[in-house]
Amino acid sequence: MIRYGEIVLKSAPLRERWEQTLVTNIHNILPNSNVWRERGIIWLKGNVETEQLNKGCGIFSFSKCTQFSLDQLHEICLEYYETHGIHQVNSFALRVRSVGNHVFTSQQIAQKLGAIIQK
Numbered sequence: 002m003i004r005y006g007e008i009v010l011k012s013a014p015l016r017e018r019w020e021q022t023l024v025t026n027i028h029n030i031l032p033n034s035n036v037w038r039e040r041g042i043i044w045l046k047g048n049v050e051t052e053q054l055n056k057g058c059g060i061f062s063f064s065k066c067t068q069f070s071l072d073q074l075h076e077i078c079l080e081y082y083e084t085h086g087i088h089q090v091n092s093f094a095l096r097v098r099s100v101g102n103h104v105f106t107s108q109q110i111a112q113k114l115g116a117i118i119q120k
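To convert a position in the sequence shown, counted from 1, into the numbering used here, add 1.
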């Protein structure tokens, strides 16, 4: 996941052009990766070499992400908790965001996952 800065503040036509330019530049840097964009975020899938992204002008920050199904969320969350030392800290926060329409809210999922982790 690549985040970029002030481009999102531009007018819609200008933002569209600059976002597409940034996507094209990233695709040129990482030609074997799948690149697509959403407002404020550019997604990469494939063999992503983060060292190469440092060469991309206009990139604010980038993070490694893992895609999984909602059914796997409980298991993934517990695995992350155990492998990243969260059990060693006094407090933590969950930032849950959902895409699409669901019968639950992101806040409800965060509460359920938090309760599971605290056990």
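All C-beta atoms in this analysis are idealised placements derived from N, C-alpha and C, irrespective of residue type, glycine included. Computed from a prediction, not measured in an experiment: that's the story for all the values here.
- The three-state reading of DSSP puts Ser107 in helix, counting H, G and I together.
- For Glu76, no pairing in a beta bridge is given by DSSP.
- Glu20 counts as buried, since no fewer than 16 other beta carbons sit within 10 angstroms of its beta carbon.
- Checking the DSSP bridge columns, you'll see Lys46 partnered with Asn35.
- Val36 is classed as buried because its beta carbon has at least 16 other beta carbons within 10 Å across all chains shown.
- Per DSSP, reduced to three states, the secondary structure at Arg4 is strand.
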